[in-house]
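Numbering (the numbering used here), first residue to last: 440 to 940.
The C-beta atom is built at its ideal place from N, Cα and C for all residues, glycine as well.
It should be emphasised that the depicted structure is a prediction, and the values quoted were computed from it without experimental measurement.
Here the structure is laid out as structure tokens; the discussion comes afterwards.
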Amino acid sequence: MAMKGSAARNGLSKIQTHNDSSNKDGICHDDSSPTVKAQTIDELHSLQKKRSTPNTPIKGNQGTAFGTISEEERQKQQLQSISASLASIKRETGPKVVRGDPATRTTQVPKVSPVEYHVPTIVVTDSSLKFTHVLYNLSPAELYEQAIKYEKGSFIASSGALATLSGAKTGRAPRDKRVVKDEQTEKELWWGKGSPNIEMDEHTFLVNRERAVDYLNSLDKVFVNDQFLNWEPENRIKVRIVSARAYHSLFMHNMCIRPTPEELENFGDPDFTIYNAGQFPCNRYTHYMTSSTSIDLNLARREMVILGTQYAGEMKKGLFGVMHYLMPKRQILSLHSGCNMGKDGDVALFFGLSGTGKTTLSTDHNRYLIGDDEHCWSDNGVSNIEGGCYAKCIDLSREKEPDIWNAIKFGTVLENVVFDEHTREVDYIDRSVTENTRAAYPIEYIPNAKIPCVGPHPKNVILLACDAFGVLPPVSKLSLAQTMYHFISGYTALVYAPSFS
440 MAMKGSAARN
450 GLSKIQTHND
460 SSNKDGICHD
470 DSSPTVKAQT
480 IDELHSLQKK
490 RSTPNTPIKG
500 NQGTAFGTIS
510 EEERQKQQLQ
520 SISASLASIK
530 RETGPKVVRG
540 DPATRTTQVP
550 KVSPVEYHVP
560 TIVVTDSSLK
570 FTHVLYNLSP
580 AELYEQAIKY
590 EKGSFIASSG
600 ALATLSGAKT
610 GRAPRDKRVV
620 KDEQTEKELW
630 WGKGSPNIEM
640 DEHTFLVNRE
650 RAVDYLNSLD
660 KVFVNDQFLN
670 WEPENRIKVR
680 IVSARAYHSL
690 FMHNMCIRPT
700 PEELENFGDP
710 DFTIYNAGQF
720 PCNRYTHYMT
730 SSTSIDLNLA
740 RREMVILGTQ
750 YAGEMKKGLF
760 GVMHYLMPKR
770 QILSLHSGCN
780 MGKDGDVALF
790 FGLSGTGKTT
800 LSTDHNRYLI
810 GDDEHCWSDN
820 GVSNIEGGCY
830 AKCIDLSREK
840 EPDIWNAIKF
850 GTVLENVVFD
860 EHTREVDYID
870 RSVTENTRAA
880 YPIEYIPNAK
890 IPCVGPHPKN
900 VILLACDAFG
910 VLPPVSKLSL
920 AQTMYHFISG
930 YTALVYAPSF
940 S
């Protein structure tokens, strides 16, 4: 017909209106594309997402070179490990855990609980009757969705970064940080006047651990990150972070080393676990507590508990403290320093307290970035402890720090910044929330990052004193003895530190 010819000339979809014997329903059909393979809108949505986790071979139990494990069995073992991490010490039982978001229809809750870590008990509680949904190693995109939907104060900035708030605490709380003093740590750690280590006993730690675990188990869902510390393979540490906020999960996703899907399948049980229940306060009547905030470290149990503060930097620095304890036992020096490498393999270390310029100086577009803050120095050379950077944002500008400016994009966490309510453009000069505005981003967001983040033995060691009083010359070349003295003394000027004293 005439209509058929003109439609073809205009490039529009061809509509059949002639009498076709195969068209038995008498309805006009658009034959320009096949119909979608779905009967309902939910079915269509299910086609939108595909499975991404591979099923990799692992070593068999009978000494065979390789065995295979089903996806169902792997997930069961994974959930058993997570349930064991969330087990109550007193009741000796873990929650019933299941993967997936409770808000989605696709979450499948089994009728029975084959995966809980369980010791027979006659005590039945409300928490033992419910499932705790585990959001396991979510991607940045998935964590964005969780933060925007459920966490007040989370927004997407114009750069694509996730802007969020850490609540009342916008810095670390060193006076509320406790370390369990036992027979081992009494001999190995520095205690007493002048020491940053404030003691607590084992019983008090377990009281706070129980409080944190009970809070996390009472939630409909928790975020679980299984990741690594230290880029040197033979000295790598497996860490598990259990948290209640998508912001915390994305922060640690960026700051720790991200496992490959194959490494995640064979992760097993962690070497160290963080229980971040920062939205829930500690009990002020508990022994050793001086406020509603408590950050507790138990080196014997390889656990850390956070109560009463949502500032994400507590997790980062807590793990750094653990590395300060574990690495020297392996004859490895743990370093609070930035590190980069020249094109000829010359490595430089930048030592300094927070705010002295480690991140800025190590992020040099003429040199390869190994890391901006935490490193290990072993017989093999230097290695970054972390998988990301934690840059101060106050007064940040594209002209002065272009690499850091460009790293603030989708996937980056922006902490406590101020932005325009309409355009969502960040004002890095504004100190309305805090002086300690921060950006946490994966190290590969820096174009010249060296992956893997390892290097040979350092050739240059730079001590950043940030001396504003004129006691030291602007630049001094030190002898070996002078370098050792200044390394131990840690002299610096009074610069802003991201902590509450």
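G827 is a Cβ neighbour of A879, given a cutoff of 9 Å. Contact annotation: W630 and K620 have beta-carbon atoms nearer than 9 Å. Setting aside the 5 residues that flank it on each side, G820 is surrounded in the same chain by V893, G894, P895 and H896, each with a C-beta closer than 7 Å to its C-beta; the list follows chain order.
The continuous stretches of alpha helix (DSSP H) do not include Q749, and DSSP gives it neither H nor E. Each of K889, E702, S509 and P709 was checked against the Cα of R806, and the nearest Cα belongs to K889. DSSP places Y589 in the helix class (H, G or I) of the three-state scheme. CA-CA distance, G717 to N669, rounds to 26 Å.
Going by beta carbons, R769 and Y714 fall outside the 9 Å limit. Excluding sequence positions up to five before and after L903, its CB lies within less than 7 Å of the CB of F789, F790, G791, T795, G796 and K797, all in the same chain and listed in chain order. Our two residues, V681 and S634, have alpha carbons roughly 29 Å apart in a direct line. Under the three-pair Cβ rule at 8 Å, the stretch 822 to 841 counts as touching the stretch 688 to 697. The secondary-structure analysis by DSSP pairs S682 across a beta bridge with F662 and N715. Residue nearest to D735 within the set N636, S578, P698 and K677 is N636 (criterion: CA-CA distance).
Per DSSP, I734 is one residue of the beta strand (DSSP E) stretching across S733 to N737. With respect to the C-alpha of P841, the residue from I901, F849, D803 and V857 having the closest C-alpha is D803. Per DSSP, reduced to three states, the secondary structure at D481 is helical.
In the three-state scheme derived from DSSP, where H, G and I count as helix and E and B as strand, S817 is classed as strand. Note that the C-beta distance between R684 and A526 is not below 9 Å. Distance from the CA atom of E581 to the CA atom of R679, rounded to whole angstroms, is 19 Å. The three-state reading of DSSP puts N845 in helix, counting H, G and I together. When the alpha-carbon of T725 is set against those of D640, S918, Y750 and T851, the nearest one is in D640. Under the three-state reduction of DSSP, V761 is assigned to helix. The stretch 842 to 861 makes contact with the stretch 594 to 605; the number of CB pairs closer than 8 Å reaches 3 or more. Here D866 carries a strand assignment [DSSP, helix/strand/coil]. The beta-carbon separation of D653 and S733, rounded to 15 Å, does not stay under the 8 Å limit for a contact. In the DSSP annotation of this structure, F644 is not part of any beta strand (DSSP E); the continuous alpha helix (DSSP H) holding it starts and ends at E641 to S657. Residue environment for I696: buried (at least 16 other C-beta atoms within 10 angstroms of its C-beta). In the structure shown, K898 adopts extended strand secondary structure according to DSSP, grouped into three states. Pairing V661 with L574 gives a Cβ-Cβ distance under 9 Å.
By the criterion of a C-beta distance shorter than 8 Å, L658 is surrounded in its chain by T571 and A683, once the five residues flanking it on both sides are discounted.
Excluding the 5 residues flanking it on each side, E671 has same chain C-beta neighbours closer than 8 Å at C815, S817, N819, S822 and V893, in chain order.
In the displayed model, I696 falls within a strand according to three-state DSSP. A straight-line Cα-Cα distance of about 7 Å links T609 and N875. Only residues of its own chain outside the window of five on either side were considered, and among them L788, F789, F790 and H814 have a CB closer than 6 Å to the CB of S776, listed in chain order. Taking C-beta separations shorter than 7 Å and ignoring five residues to either side along the sequence, the partners of P891 in its chain run W670, following chain order. Secondary structure at A580: helix, using DSSP grouped into helix, strand and coil.
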